[in-house]
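Accompanying notes for the structure given below.
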Amino acid sequence: MSASWLVRCLLIFSAWMPATLPAAETADWQAAQGDVLTVHLESTPERPRLFCFGSSWPVQSDGRGGWQGWIGIDLKRKPGTYQILWKSEGAQTSQTLDIRRGVFRVSHIQVEKRMAEFDAPTLARIRSEVKALKATYTADVDAEPAIRMTGMPVNGIVSTPFGAQRFVNGEPRSPHSGLDIAAAAGTPVHAPLAGRVLLVADMYLNGNTVAIGHGNGLVSVYSHMQSVAVRTGQWISDGDVIGQVGATGRATGPHLHWGVRFRNARVNPASLLPDATARLEK
Ligand SMILES: [Zn+2]
1 MSASWLVRCL LIFSAWMPAT LPAAETADWQ AAQGDVLTVH LESTPERPRL
51 FCFGSSWPVQ SDGRGGWQGW IGIDLKRKPG TYQILWKSEG AQTSQTLDIR
101 RGVFRVSHIQ VEKRMAEFDA PTLARIRSEV KALKATYTAD VDAEPAIRMT
151 GMPVNGIVST PFGAQRFVNG EPRSPHSGLD IAAAAGTPVH APLAGRVLLV
201 ADMYLNGNTV AIGHGNGLVS VYSHMQSVAV RTGQWISDGD VIGQVGATGR
251 ATGPHLHWGV RFRNARVNPA SLLPDATARL EK
């Protein structure tokens, strides 16, 4: 019996021990609010299903006989220890996940009164636009992408980071659920992953907005654009131009707001970039 064969057997055995064993002293996985976590499982006879926070998450082969899965940790997920469950025919195993508080900045913006206080018709318009955008987060898209982005959608400087606690004209608002990238008006915006255009809308607060469904519950949103170059229902390839940077809606200058939802969790787009660590430190 070769040593590597023995190690492999032990790994398979340890991965499939019943979930009744005492919990490990340290968590199997660690992540912060807003992260997309990649988890692994050693080889199992068939594709396992992955569960966390009461939802299922995508699983793909890791190309080496094992499996990898992705879990989106919402910006406001309560810090603490959670259980990750892998299930396959007649077997299951659990791992632990420690979530720590994200380190987020505070951001103040000053805007015209009409962009901070709304009359009834404007409020009704905003609500219906938000409802249409939210519907895209759970739309079915027939594609199975790797859960990642190939790069930034626009060349520019991150002006407001993900998760920033927002104050608009001094009043606290929802945390910033995307990345703002400042760039000259007219700069092309490229889709950082192939997908289907789920929404094109001229929104009161978000301005000209495009939502792209990539499959597997991964949806990216681009706002405040000067113009839009795609239409609803269109399939687009990685790198296609979807619009131009602008300052439409509630914006203090030309920039792109780039948001990502992963199975409805508000996650940091930067955590899906190839050089995620470097980007996150910006
Ligand atoms: Zn923004």
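Heads up, the sequence shown is in the numbering used here, so the first residue is 1 and it goes up one at a time. Glycine is no exception: its CB is placed at the ideal position from the N, C-alpha and C atoms.
Proximity below 8 Å, CB of residue i to CB of residue j
i, j, result
"VAL154", "THR187", "yes"
"GLY102", "GLN33", "yes"
"LEU75", "GLY163", "yes"
"PRO274", "TRP258", "no"
"HIS224", "ALA182", "no"
"GLY246", "ALA184", "no"
Sequence-distant residues of its chain with Cβ nearer than 8 Å to residue i (five each side left out)
i, result
"CYS52", "ILE71, TYR82, GLN83, ILE84, LEU85, LEU97"
"ARG231", "VAL197, VAL200"
"GLY233", "ARG196, VAL197"
"LEU272", "VAL36, ILE147, ARG148, MET149, VAL260"
"ASP238", "THR150, ALA191, PRO192, LEU193, ALA194"
"ALA24", "Confidence at ALA24 is low in this model, with a pLDDT of 47, below 50, so the placement of that residue should be treated as unreliable; the coordinate-derived value is given next. Same-chain partners within the cutoff: THR96."
Own chain partners of residue i with C-beta closer than 7 Å, once the 5 adjacent residues on each side are dropped
i, result
"GLY66", "HIS40, LEU41, GLU42, SER43"
"PHE118", "ILE126"
"GLU89", "GLU46"
"ASN216", "PRO58, GLU144, PRO145, ILE147"
"ALA31", "LEU37, ILE73, LEU97, ILE99"
"PRO22", "Summary for PRO22: the model assigns pLDDT 44, below 50, so the residue's position carries little reliability; its value from the coordinates is reported in the next sentence. Same-chain partners within the cutoff: there are none."
Residue from the options whose Cα sits closest to the Cα of residue i
i, options, result
"ALA211", "VAL111, GLY90, THR136, GLN92", "THR136"
"MET203", "ASP180, VAL260, PHE262, SER128", "SER128"
"ALA146", "ASP62, ALA251, THR252", "ASP62"
"ILE236", "ARG100, ILE99, GLY69, SER220", "SER220"
"VAL267", "LEU218, THR248, ASP238, TYR222", "LEU218"
"ASN206", "ASP238, GLY249, ARG64, ALA185", "GLY249"
Residue i to residue j span [Cα, whole Å]
i, j, result
"GLY253", "GLN226", "11 Å"
"VAL189", "ALA229", "9 Å"
"ASP140", "PRO48", "21 Å"
"TRP29", "PRO121", "47 Å"
"ARG166", "ALA132", "23 Å"
"SER56", "GLY178", "23 Å"
"ALA116", "GLY54", "36 Å"
"THR93", "ILE99", "20 Å"
"ILE73", "ALA27", "16 Å"
"ARG114", "HIS255", "20 Å"
"TYR222", "ASP142", "21 Å"
"GLN95", "LYS134", "31 Å"
"ARG64", "LYS78", "34 Å"
"PHE111", "GLY156", "Before going on, a small fix: residue 111 reads as Val here, not Phe. About 22 Å."
"ALA124", "GLY69", "39 Å"
"VAL130", "GLN60", "32 Å"
"LYS87", "LEU50", "6 Å"
Nonlocal neighbours in the same chain, by C-beta distance under 6 Å from residue i, ignoring five residues either side
i, result
"THR160", "SER107, HIS176, ASP180"
"ASN264", "TYR137"
"ASN208", "ASP202, MET225, VAL228, THR248"
Beta carbon proximity, residue i to chain B, threshold 8 Å
i, result
"THR160", "Any reference to chain B falls outside this structure, which holds one protein chain only."
Stretch-stretch touch, CB-based, cutoff 8 Å, three pairs: the segment 28-43 with the segment 107-127: Three or more Cβ pairs closer than 8 Å define a contact, and the segment 28-43 falls short of that threshold against the segment 107-127.
Contact the segment 188-201 vs the segment 212-230: 3+ CB pairs below 8 Å: Contact between the segment 188-201 and the segment 212-230 is present, because at least three Cβ pairs lie under 8 Å.
Contact between the segment 161-177 and the segment 225-242 (3+ Cβ pairs under 8 Å): Contact between the segment 161-177 and the segment 225-242 is not established, with fewer than three Cβ pairs separated by less than 8 Å.
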